[in-house]
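Line by line, the protein sequences are chains D and P. The working numbering puts the first residue of the first sequence at 1, with every later residue one more than the last. The working numbering puts the first residue of the second sequence at 292, with every later residue one more than the last. Think of the CB as a built atom: it goes at the ideal place given N, C-alpha and C, for glycine as much as any other residue. In this text, all values refer to a predicted model and were calculated from it rather than measured experimentally.
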Amino acid sequence: MAPIIKIEHLTYIYGEGMPDATRALDDISFEIERGEFLGVIGPTGCGKSTLITHFNGLNRPTSGRLLIDGEDMWADPRQIRKYRFKVGLVFQYPEYQLFEETVRKDIAFGPRNMGLPEEEIEKRVIEAARFCGLEEEMLDRSPFELSGGQKRRVAIAGVIAMRPEVLVLDEPAAGLDPEGREMILSQVRRYHKETGTTVVLVSHSMEDIAKYADRVLVLQAGKLAMLDTTANIFARAQELVEYGLSVPQVTKIFLGLRQMGVDVPVDVYTVKYARDVILKALAERGGAAHA
Amino acid sequence: MLKDITIGQHFPGDSVIHRMDPRAKLLLTIAYIVALFLGSNPIGLALSVLFLLVAYRVSGIPVRLVGKSLRPILPIILFTAMLNLFFVPGDPIFSWWIITITWQGLYNVMVLSVRIVCLIAGTSLLTYTTSPIVLTDALERLLRPFAKLHLPVHELAMMMTIALRFIPLLIEETDKIMSAQKARGAELDSGKLTDRIRALIPVLIPLFISAFRRADELAMAMECRCYHGGEGRTRLHQLHLGANDYLLTAICAVLFVVIGGSDLLWGMLG
């Protein structure tokens, strides 16, 4: 089966032909597999946001191709709207895009633009609201009287209601308190697990990426620097630090332990895995005393 | 699309014109416009074009930028040129069917087009070489006498400064909101006119809300820094008229008088 998104030699130049033209994306090629959870990391200004706006055709590549489901996205520019529904994009601070009188109407904006029948729209609104942890009684309130975290969940529900095949989120947890972060991200994961939707998550939090992503893409100055499984990426801590990124705190500890001569794996990136490693090490070192 | 607006844009530099006192520049620009209208004859216009070429050369601003600021008003120039070319009575040069082109018409077209181009180029030079903040500063100083008549000069200048400061921010914000709504399938650049107007609602409402939010935050930030209006307020950068300013102003003033008075000369020749 063809990968859901295939990118071939994508280059994007801002203000082409102007003296201050900048190469925001430089010859990028990769594939996003159907059903995977891909994390995208990179320092500020490396082109992450520019890259994801190419996924649904908001930006047109200066050169190179984007294939969605094996179809060239820009083969017919008039058909580009079709891909907006296939690839749902949630921007940074999406709560600033809310505009309707009620939460229900706002979530229905996307499905209505798709031209779906009324019952189908209603069904999708309720389903999306449920995935985002919004209670039904909230649907008839004005989005402007909700809290920041709730507004953001409404905005995400507005994209999920379109049932995109790929859900792309740009820093969905930015500016939220730890509980809000956890809530949004775990809801995204649940949605990913239950529906099998492909998810692309852009984040500055290495912890979040480590916790949720199957694979990680590292973008550096408009170039694809690395693309590998999460474990392999965080094993290359030194390179990440050179890019101005970092590794999860637990990985830092284990890398420190290695330097001190303790024999631990290099790819410890979740607390759960760390616990297992520690327990195993303790057991080997005469676990009898512990037991 | 929204990024293509160049009128009112500022190009930082360090030329004599950049460093000139903004009050002098502002008054000279007004004088230039007056001179341009008084001296609307070939001699005056030739001098005006010459003056602009020299001024642009000195300022180091590429002349092709003028072309960009002219683009939005090109249709107006073409339309008035057409009207003048075909409908001004006089001695015909060329006549075919109902179309007659006269010498007088051709003359009018030339004068008119050159005058509009000079007007845009001249005023653009002011904004290209002077940052909006400095410009409003100059405006405030020049209007200060009117404060005696209880005109809120400082408040007006402050409003202008803030408005100018917010234009790029709001443009960026509009772009973002438009992208977000397009991502939800909104059709903003196709469809019938009524559909397009309706399609603007999802953009305008978030934009207004965010503008009010920003205004609120700004007011709070200004109050935190003890802003209390213009009374007794001193400035970090005092405007200062130097020898250079007097010299340049004098040169320009003489030239503008010549341009303005060139009508007499042209009258004597013709």
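- Message: Using the three-state DSSP reduction, which class does phenylalanine 385 of chain P fall into: helix, strand or coil?
- Response: The residue given as residue 385 of chain P occupies position 94 in the second sequence. Three-state result, phenylalanine 385 of chain P: strand.
- For valine 247 of chain D and alanine 237 of chain D, the rounded distance between their alpha carbons: On the first sequence, position 237 is the one that residue 237 of chain D refers to. On the first sequence, position 247 is the one that residue 247 of chain D refers to. Rounded to the nearest angstrom, the two C-alpha atoms are 6 Å apart.
- Message: Quick check: the Cα distance between valine 494 of chain P and arginine 475 of chain P, rounded to an integer number of angstroms?
- Response: Locating residue 494 of chain P in the second sequence gives position 203, where the first residue counts as 1. Locating residue 475 of chain P in the second sequence gives position 184, where the first residue counts as 1. Each residue's alpha carbon lies about 12 Å from the other.
- Query: Excluding sequence positions up to five away, which residues of its chain have a Cβ less than 6 Å from the Cβ of tyrosine 269 of chain D?
  - Reply: The residue labelled residue 269 of chain D in the question sits at position 269 within the first sequence. Excluding positions up to five away in sequence, the list reads Ala210, Phe234, Pro248 and Thr251.
- Within chain D, partners of alanine 471 of chain P - CB distance below 7 Å: One-based indexing of the second sequence puts residue 471 of chain P at position 180. Contact annotation for alanine 471 of chain P against chain D: Phe91, Pro94 and Gln97 [CB-CB distance below 7 Å, chain order].
- Is there contact here, the stretch 161 to 168 of chain D with the stretch 109 to 122 of chain D, by at least three beta-carbon pairs under 8 Å? Segment contact: the stretch 161 to 168 of chain D against the stretch 109 to 122 of chain D, three or more CB-CB distances shorter than 8 Å; contact assigned.
- Item | Any beta strand (DSSP E) of 3 or more consecutive residues that is wholly inside the stretch 180 to 241 of chain D | 198 to 202, 215 to 220 and 223 to 229
- Classify glutamate 31 of chain D as helix, strand or coil using the three-state DSSP reduction. The count along the first sequence starts at 1 and reaches residue 31 of chain D at position 31. If DSSP states are grouped into helix, strand and coil, glutamate 31 of chain D belongs with the strands.
- Interface partners of threonine 197 of chain D on chain P, CB under 8 Å: Translated into positions along the first sequence, residue 197 of chain D becomes position 197. Within chain P, no residue has its beta carbon less than 8 Å from that of threonine 197 of chain D; the closest one is some 16 Å off.
- Would you call the stretch 374 to 392 of chain P and the stretch 340 to 355 of chain P touching, i.e. three or more CB-CB distances under 8 Å? Contact between the stretch 374 to 392 of chain P and the stretch 340 to 355 of chain P is absent, because fewer than three Cβ pairs lie under 8 Å.
- Task: Examine the Cβ distances between the stretch 466 to 473 of chain P and the stretch 435 to 455 of chain P and report whether three or more of them are shorter than 8 Å.
- Result: Contact fails: fewer than three Cβ-Cβ distances are below 8 Å.
- Could you tell me if isoleucine 542 of chain P is buried or exposed, where buried requires 16 or more neighbouring beta carbons within 10 angstroms of its beta carbon? Here the question's residue 542 of chain P lines up with position 251 in the second sequence. Counting Cβ neighbours within 10 Å, isoleucine 542 of chain P comes out exposed, since fewer than 16 surround it.
- Item | Contacting residues, own chain, Cβ-Cβ under 8 Å from tyrosine 243 of chain D (five flanking each side not counted) | By one-based count along the first sequence, residue 243 of chain D stands at place 243. Closer than 8 Å at Cβ, skipping near neighbours: Gly42, Pro43, Val218, Gln220 and Ala225.
- Out of P:Phe457, P:Ile368 and P:Ile550, point me to the one whose CA is closest to isoleucine 324 of chain P's CA. Residue numbering aside, residue 324 of chain P sits at position 33 when the second sequence is read from its first letter. That would be P:Ile550, whose Cα lies nearest to the Cα of isoleucine 324 of chain P.
- Task: Mind listing the chain P neighbours of leucine 66 of chain D? Cutoff is C-beta to C-beta under 8 Å, in chain order.
- Result: Numbered from 1 along the first sequence, position 66 holds the residue referred to as residue 66 of chain D. Within chain P, no residue comes near leucine 66 of chain D; the closest Cβ sits about 15 Å away, beyond 8 Å.
- Task: Would you mind working out which of D:Cys46, D:Ile13, D:Met73 and D:Gly15 sits nearest isoleucine 7 of chain D, comparing C-alpha positions?
- Result: Walking along the first sequence from the start, residue 7 of chain D turns up at place 7. Nearest C-alpha to isoleucine 7 of chain D among D:Cys46, D:Ile13, D:Met73 and D:Gly15: D:Met73.
- Task: Would you grab the beta carbon distance between threonine 62 of chain D and isoleucine 5 of chain D for me? Rounded to a whole angstrom, and I think it's under 8 Å.
- Result: As a position in the first sequence, residue 62 of chain D is number 62, starting the count at 1. As a position in the first sequence, residue 5 of chain D is number 5, starting the count at 1. Contact doesn't hold; Cβ gap of about 18 Å is too wide.
- Query: In whole angstroms, what is the alpha-carbon distance linking arginine 130 of chain D and glutamine 150 of chain D?
  - Reply: Taking the first sequence and counting its residues from 1, the one referred to as residue 130 of chain D is at position 130. Taking the first sequence and counting its residues from 1, the one referred to as residue 150 of chain D is at position 150. Cα-Cα distance, rounded: 13 Å.
- Exposed or buried, which one is serine 186 of chain D when buried takes at least 16 other CB atoms within 10 Å? Counting from one through the first sequence, the residue named residue 186 of chain D turns up at place 186. Its Cβ having fewer than 16 others within 10 Å, serine 186 of chain D is exposed.
- Query: Can you give, in chain order, each stretch of the alpha helix (DSSP H) that sits fully within the stretch 63 to 151 of chain D and has at least 4 residues?
  - Reply: Taken in chain order, the whole alpha helix (DSSP H) runs of length 4 or more contained in the stretch 63 to 151 of chain D are 80 to 86, 103 to 113 and 118 to 131.
- Query: Along the chain, where does the beta strand (DSSP E) that runs through methionine 392 of chain P open and close?
  - Reply: Taking the second sequence and counting its residues from 1, one reaches residue 392 of chain P at position 101. Correcting the residue identity first, residue 392 of chain P is isoleucine in this sequence and not methionine. Its beta strand (DSSP E) spans residues 390 to 393.
- Message: Could you check if glutamate 127 of chain D belongs to the surroundings of the ligand SAM, using beta carbon to heavy atom distance under 7 Å?
- Response: Among the components modelled here there is no ligand, and therefore nothing to report on the ligand SAM.
- Message: In whole angstroms, give me the CA-to-CA distance for lysine 257 of chain P and threonine 427 of chain P.
- Response: The question about residue 257 of chain P has no answer, for chain P in this structure spans 292 to 561.
- Task: Kindly indicate which residue of P:Phe302, P:Pro303, P:Leu556 and P:Asp312 has the alpha-carbon position closest to the one of asparagine 535 of chain P.
- Result: Position 244 of the second sequence, counted from the first residue, corresponds to residue 535 of chain P. Selected option, being the one with the closest Cα: P:Asp312.
- Message: Three or more C-beta pairs under 8 Å: does that hold for the stretch 38 to 57 of chain D against the stretch 197 to 207 of chain D?
- Response: yes
- Message: Between which residues of its own chain and proline 303 of chain P is the CB-CB distance below 6 Å, once the five residues before and five after are set aside?
- Response: Taking the second sequence and counting its residues from 1, the one referred to as residue 303 of chain P is at position 12. Within the same chain, proline 303 of chain P has no close Cβ partners at all.
- Rounded to the nearest angstrom, how far is the Cβ of threonine 102 of chain D from that of leucine 139 of chain D, given a contact under 8 Å? Within the first sequence, residue 102 of chain D is the residue found at index 102, counting from 1. Within the first sequence, residue 139 of chain D is the residue found at index 139, counting from 1. The beta-carbon separation of threonine 102 of chain D and leucine 139 of chain D, rounded to 7 Å, stays under the 8 Å limit for a contact.
- Query: Name the residues in the stretch 494 to 507 of chain P whose C-beta lies less than 7 Å from a C-beta of chain D; which are they?
  - Reply: Within the stretch 494 to 507 of chain P, the qualifying residues are Ile496, Pro497 and Ser501.
- Message: Are the CB atoms of serine 415 of chain P and glycine 351 of chain P within a distance shorter than 8 Å?
- Response: Start at 1 with the first residue of the second sequence, and residue 351 of chain P comes out as number 60. Start at 1 with the first residue of the second sequence, and residue 415 of chain P comes out as number 124. The Cβ atoms of glycine 351 of chain P and serine 415 of chain P do not sit closer than 8 Å to each other.
- Query: Along chain P, in chain order, which residues have C-beta atoms closer than 8 Å to that of arginine 81 of chain D?
  - Reply: The residue given as residue 81 of chain D occupies position 81 in the first sequence. The contacting residues are Gly476 and Glu478.
- Message: Going by DSSP, what residue range makes up the alpha helix (DSSP H) through glycine 256 of chain D?
- Response: For this step, residue 256 of chain D is matched to residue 256 along the first sequence. 249 to 259 is the span of the alpha helix (DSSP H), which, as asked, contains glycine 256 of chain D.
- Of all the options P:Ser339, P:Cys515 and P:Ser501, which has the alpha carbon lying nearest to the alpha carbon of phenylalanine 99 of chain D? What you label residue 99 of chain D is simply residue 99 of the first sequence in a count that begins at 1. Looking at the Cα atoms, P:Ser501 is the closest of the given residues.
- Query: For a contact meaning CB atoms closer than 8 Å, what does arginine 130 of chain D contact in chain P?
  - Reply: Start at 1 with the first residue of the first sequence, and residue 130 of chain D comes out as number 130. Chain P residues near arginine 130 of chain D: none, gap ~19 Å exceeds 8 Å.
- Give a yes or no on whether 8 Å exceeds the smallest Cβ distance from lysine 467 of chain P to chain D. Stepping through the second sequence from its first residue, residue 467 of chain P is reached at position 176. True, the Cβ-Cβ gap to chain D drops below 8 Å.
- Item | Cβ separation of isoleucine 80 of chain D and glycine 57 of chain D, assumed to be a contact under 8 Å, to the nearest whole Å | One-based indexing of the first sequence puts residue 80 of chain D at position 80. One-based indexing of the first sequence puts residue 57 of chain D at position 57. Rounded, the Cβ-Cβ distance is 4 Å, consistent with contact.
- Count the other C-beta atoms from every protein chain shown that fall within 10 angstroms of the C-beta of phenylalanine 385 of chain P, then say buried if there are 16 or more, exposed otherwise. The count along the second sequence starts at 1 and reaches residue 385 of chain P at position 94. Classification of phenylalanine 385 of chain P: exposed, given that the 10 Å Cβ count is below 16.
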